[in-house]
Structures are given as structure tokens and as C-alpha cells.
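**Student:** If you're matching them up, the sequences are chains A and B in order.
For the first sequence, the numbering used here gives the first residue as 1, with consecutive numbering after it.
For the second sequence, the numbering used here gives the first residue as 1001, with consecutive numbering after it.
Protein chains: 2
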Amino acid sequence: MNDVAAIHVFRAVADPTRRGILDRLADGASPVRALVEGFAISQPALSKHLRILREAGLVAVEKVGRERHYRLQADGLRAVADWVRHYERFWTDRLDRLGDYLDGDE
Amino acid sequence: MNDVAAIHVFRAVADPTRRGILDRLADGASPVRALVEGFAISQPALSKHLRILREAGLVAVEKVGRERHYRLQADGLRAVADWVRHYERFWTDRLDRLGDYLDGDE
DNA sequence: CCCACCTATAACCGATCGGTTATGTGTTGG
DNA sequence: CCAACACATAACCGATCGGTTATAGGTGGG
Chain A
1 MNDVAAIHVF
11 RAVADPTRRG
21 ILDRLADGAS
31 PVRALVEGFA
41 ISQPALSKHL
51 RILREAGLVA
61 VEKVGRERHY
71 RLQADGLRAV
81 ADWVRHYERF
91 WTDRLDRLGD
101 YLDGDE
Chain B
1001 MNDVAAIHVF
1011 RAVADPTRRG
1021 ILDRLADGAS
1031 PVRALVEGFA
1041 ISQPALSKHL
1051 RILREAGLVA
1061 VEKVGRERHY
1071 RLQADGLRAV
1081 ADWVRHYERF
1091 WTDRLDRLGD
1101 YLDGDE
């Protein structure tokens, strides 16, 4: 749907804090208040990261009372998965050639 | 071996020009002179991108006469592939649920 | 030998990044 | 009703990014 988001996905996951946020959300949705505990940054800084992740289509928000519950939208990472898959042959090929001499793979 | 490089890999692939360079090198090694043709940037700009890709361990250089031949070192992308694989279950699970309880492990 | 070629680096520039503090906006409990 | 809470946004700051032009350094051909 939002194809423009895919353009921003690579930039979104380039930051280690944002990857940490995604990792945290992989365990389940969370309000901002709980999220900010896990990172040594201020709440506004976290909110800016969340905005970037939102605009990249990697997270979704749901208003619950006065909280905003963020949850992972991992299918936005398909753009990354599809991209990197093109290069997978470069190390699986090498593994195959190695397999000519050694019978086991990794 | 170079584990520090993995830290920089995500940032290296965040730039569309650098992903273009990797894509170009997937077709085979190339001197800088030939590479610069494919991009609407100056030669020094390209050299700076190549330095970043080098430091991320994604390309390797070989001196051939007065040229420097760059080739892809795609196994550096394993860090990205491994990272994104953790999230793959989020969309494969959803696909599985359409069928039955086919349980995929890691 | 030396000049032209190939590439890297230096120096600089505007834009963007990731952080801060201050403030605005909406919501809920007492 | 209103004060405190939860979060987003604004305004600002130094650092880094991605680009440029200028130049240095190494190599090979005439």
C-alpha cells in the first residue's frame, strides 16, 4: 500500500536504537512510557524514533486511553529481506563449492 | 574476523547510491572509472562511498596497474540477512495461519 | 623521462541526524 | 473541574552525511 515507505525502511533500520525498538516490540506491543525505560534517551528522543519507524511503516499505533500503544509491523521489513535475498547466492554458492570438498553445510 | 565491520553494515546499506554500487558489483568486479559512469555523481563522491563500503567489509579492492578493481564481498551482508530473519516469522506465521498450524522454527 | 591517467584524500558546504529542554495537546482520576 | 499524566511537537545544538572542487600520489605509455 504505502510504497513510499519502503524507500525509508533502510534508513529507519540503520540506527541501532531503532533496531532495538523493533526488537523490543517483537516481544509485544508497548506504550511509549514502558518503551523509554529500556533506552538511555529521553522520551522526546524516543518519540522521534517512533515517528521515523511509523513513517517507514515498521510500527503501528493504537490510542488506548491517554497512552499510545506501539506494535511491530514487521512486514515492512520485507523490502529489506527481499533486497538481501538477492545477495544470498553469493555465500550459499561459496558454501556449495566448499561442499564439494566437505560434505556438511553450515 | 572483522566483527566491528558488522556495526557499520546497516549504515552502509542505508544509502541508495551504495546499494546501487553493490548491485552493480554483483555483476562482476569493476574499476572505479567504469563504476562512476553509472552514477550521476563525481569520482571523489564515488570513492567516498567505496571507502564506506570497504570499511563495512562489503567490498574488496585489488590493485591492477593504476586501476583499483572493486569486487563484492557479499558475505558481509549476512549480518543484515541474519537480523531480518528474526522478523521473518511475523509474516510467514501469518501466512501459515491461513492454512493450518504449520509450525516453522528458527 | 615525463606526462597523462586513475584513484584517493583534503577542504569546504548545506542538509540532515540524533540528542537535548521547553511546551503543547489530549485524557483521566480525584 | 482541574491537576497530573502520557505523548508529540517545537526549537535549538553539535556531529555527521553526501556532495562539490582542488590536489596529491602512484602507475604506465610514448
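We put the CB at the ideal spot given by N, CA and C, even for glycine.
Decide if A/VAL64 is buried, meaning its Cβ has at least 16 other Cβ atoms within 10 Å, or exposed.
**Tutor:** So A/VAL64 ends up on the exposed side.
**Student:** Taking the alpha-carbon positions, what's the B/ILE1007 to B/GLY1076 distance?
**Tutor:** About 11 Å.
**Student:** Confirm, please, whether the CB-CB distance from B/LEU1072 to B/ARG1018 is below 8 Å.
**Tutor:** No, these two residues do not count as a Cβ contact at 8 Å.
**Student:** List, in chain order, every chain A residue whose beta-carbon is nearer than 7 Å to that of B/GLU1088.
**Tutor:** Neighbours of B/GLU1088 on chain A, chain order: ALA81.
**Student:** Check the Cβ of A/PHE10 against every Cβ in chain B and list those closer than 9 Å, keeping chain order.
**Tutor:** Residues of chain B passing the Cβ test: PHE1010, VAL1013, ALA1014, ASP1015, PRO1016 and ARG1019.
**Student:** Provide the residue span of the beta strand (DSSP E) that contains B/VAL1064, from first to last.
**Tutor:** That run of the beta strand (DSSP E) goes 1059 to 1064.
**Student:** Which class does A/SER42 belong to by DSSP, given the choice of helix, strand or coil?
**Tutor:** Reduced to three states, the DSSP call for A/SER42 is coil.
**Student:** Based on Cα-Cα distance, which residue from B/ASP1015, B/GLY1028 and B/ALA1005 lies nearest to A/PHE90?
**Tutor:** The candidate whose alpha carbon is nearest that of A/PHE90 is B/GLY1028.
**Student:** List the residues of chain B that A/VAL59 touches, going by C-beta distances under 8 Å, in chain order.
**Tutor:** Here the premise fails: no neighbours, minimum Cβ distance about 12 Å.
**Student:** Got a sec: is the Cβ-Cβ distance from A/ASP75 to anything in chain B below 8 Å?
**Tutor:** Chain B contact via Cβ: present.
**Student:** If we define contact as Cβ-Cβ less than 8 Å, is B/LEU1053 a contact residue for chain A?
**Tutor:** No, because no Cβ of chain A sits closer than 8 Å to the Cβ of B/LEU1053.
**Student:** Please identify, using Cβ separations under 9 Å, the residues of the segment 21 to 48 of chain A that lie next to chain B, in order along the chain.
**Tutor:** Correct list: LEU22, ASP23 and ALA26.
**Student:** To the nearest angstrom, report how far apart A/LEU50 and B/GLU1067 are at their CA atoms.
**Tutor:** Going from the Cα of A/LEU50 to the Cα of B/GLU1067 covers about 45 Å.
**Student:** When the Cα atoms are used, what is the spatial distance from A/GLY57 to A/LEU35?
**Tutor:** Approximately 18 Å between the Cα atoms of the pair.
**Student:** Identify which residue in B/ASP1015, B/VAL1032, B/ALA1081 and B/VAL1013 has its Cα closest to the Cα of B/VAL1061.
**Tutor:** Among B/ASP1015, B/VAL1032, B/ALA1081 and B/VAL1013, the Cα nearest to that of B/VAL1061 belongs to B/VAL1032.
**Student:** Start and end of the beta strand (DSSP E) containing B/LEU1072?
**Tutor:** First-last of the beta strand (DSSP E) with B/LEU1072: 1067 to 1072.
**Student:** Assuming B/SER1030 and B/TYR1070 form a contact by the criterion Cβ under 8 Å, report the distance between their Cβ atoms to the nearest whole angstrom.
**Tutor:** Sure, about 6 Å apart at Cβ, within 8 Å.
**Student:** In chain order, what residues of the same chain have a beta carbon less than 7 Å from the beta carbon of B/VAL1059, not counting five sequence neighbours either side?
**Tutor:** Closer than 7 Å at Cβ, skipping near neighbours: LEU1025, LEU1050, LEU1053, TYR1070, ARG1071, LEU1072 and GLN1073.
**Student:** How big is the Cα-Cα spacing for A/ALA12 and B/GLY1038?
**Tutor:** Each residue's alpha carbon lies about 26 Å from the other.
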